[in-house]
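Numbering (the working numbering), first residue to last: 563 to 818.
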C-alpha cells in the first residue's frame with residue numbers, strides 16, 4: 563500500500579496500531595465509544611479538543627507528537643513559492659550574514675520548511691559536497707535519493723548512528739509534511755521520497771515526530787579532504803518577519 567501524506571485519520575490509526583491497541587482497547591483508554599474511534603479513522607469525524615486530548619493521553623504521545631496531532635486538526639499552513647522565498651533572502655544584509663558566518667567557519671544556509679536550500683555559504687558547500695546542486699538542492703532528497711541507495715557521505719556512518727540520523731530526518735520531514743500537507747510542491751516532494759526504500763521503511767516503521775534538532779543531538783560528518791570524522795552542533799531558527807525561511811547553522815567540533 564502506497565504511503566499517503568499525513569492526515570488526522572491516518573495518523574491516529576498508525577499510532578493506535580503502533581501501540582498495539584485494538585479499537586476496543588483504544589476506546590476504553592480514551593473514554594469514548596468504539597464507533598467513535600472508527601469514525602475518526604475513517605475520516606467521518608473530526609474530534610473536538612477535549613476528545614483529542616483524551617486520545618493524546620491514551621496513546622501516550624510525547625510533546626512533538628501531540629503538537630503534530632493538534633496541527634492535523636487545523637487547516638494546513640501556507641507554503642510560499644520557492645521563487646518568493648529566494649527573493650526575500652536575496653538582500654545585502656541577509657546574504658552578508660551568511661558571509662560573516664563563513665568567515666568564522668560556521669556552515670550555514672537559508673532553507674524553507676521542506677528543507678529546500680535557498681542560499682548558502684562556502685563553508686557549508688565545502689563541508690557537504692554533493693548536497694548543493696544549483697537551483698534544485700533539497701536536503702531530504704539528498705538524504706533519500708529517489709533512485710534508492712544512500713548518499714556517499716552517509717555510507718561511511720557507523721551503525722547505529724546512521725539509523726538514528728535517518729529516524730531524525732524522517733521525524734523532521736513528518737512534521738513539515740503535516741503542516742504543509744495540501745501544498746502541491748510538498749505533495750510532489752513526498753512522492754519522490756516514497757521512491758526511496760529507506761525513507762519508506764522508517765516512515766512506516768515508526769511514529770517519531772520532530773520540529774527541531776535538540777542541542778545535544780550532534781550531527782556526525784566527515785572532513786571531505788582528510789576523511790576524518792567530526793561532529794557538529796546544528797541549530798535551525800525561524801527568521802523574524804520571514805515566514806517560511808529558516809537559518810540553518812552547523813558548528814564543527816573537531817578534535818585537536
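Glycine included, C-beta positions come from ideal geometry on N, C-alpha and C.
query: Any non-hydrogen atom of the ligand PLP within 6 Å of residue 609 CB; result: With respect to the ligand PLP, the structure shown offers nothing to examine, as it has no ligands at all.
query: Three-state class that DSSP yields for residue 763 in the structure shown; result: helix
query: Touching by the beta-carbon criterion (3+ pairs, under 8 Å), the segment 599–612 and the segment 564–576; result: yes
query: Sufficient close CB pairs (3 or more, under 8 Å) joining the segment 667–682 to the segment 733–750; result: yes
query: Nearest to residue 547 (by Cα), restricted to the options 658, 680, 618 and 760; result: Because the chain is modelled from 563 through 818, residue 547 falls outside the range shown and cannot be assessed.
query: Boundaries (first-last residue) of the alpha helix (DSSP H) holding residue 771; result: Segment: none, residue 771 is in no alpha helix (DSSP H) and carries neither H nor E.
query: 7 Å CB neighbourhood of residue 771 in its chain, flanking five on each side removed; result: 626, 627, 630, 733, 736 and 737
query: Paired residues, beta bridge with residue 810 - DSSP; result: 671 and 798
query: Rounded C-alpha distance that separates residue 774 from residue 731; result: 10 Å
query: Local conformation of residue 679 per DSSP, three classes; result: strand
query: In chain order, each alpha helix (DSSP H) run of at least 4 residues that lies wholly inside the segment 571–621; result: 585–592, 596–603 and 611–620
query: Cβ pair residue 668, residue 807 closer than 7 Å; result: no
query: Cα-Cα separation between residue 865 and residue 672, rounded to whole angstroms; result: Residue 865 lies beyond the residue range present for the chain, which begins at 563 and ends at 818; the question has no answer from this structure.
query: 7 Å Cβ cutoff met for residue 591 and residue 564; result: no
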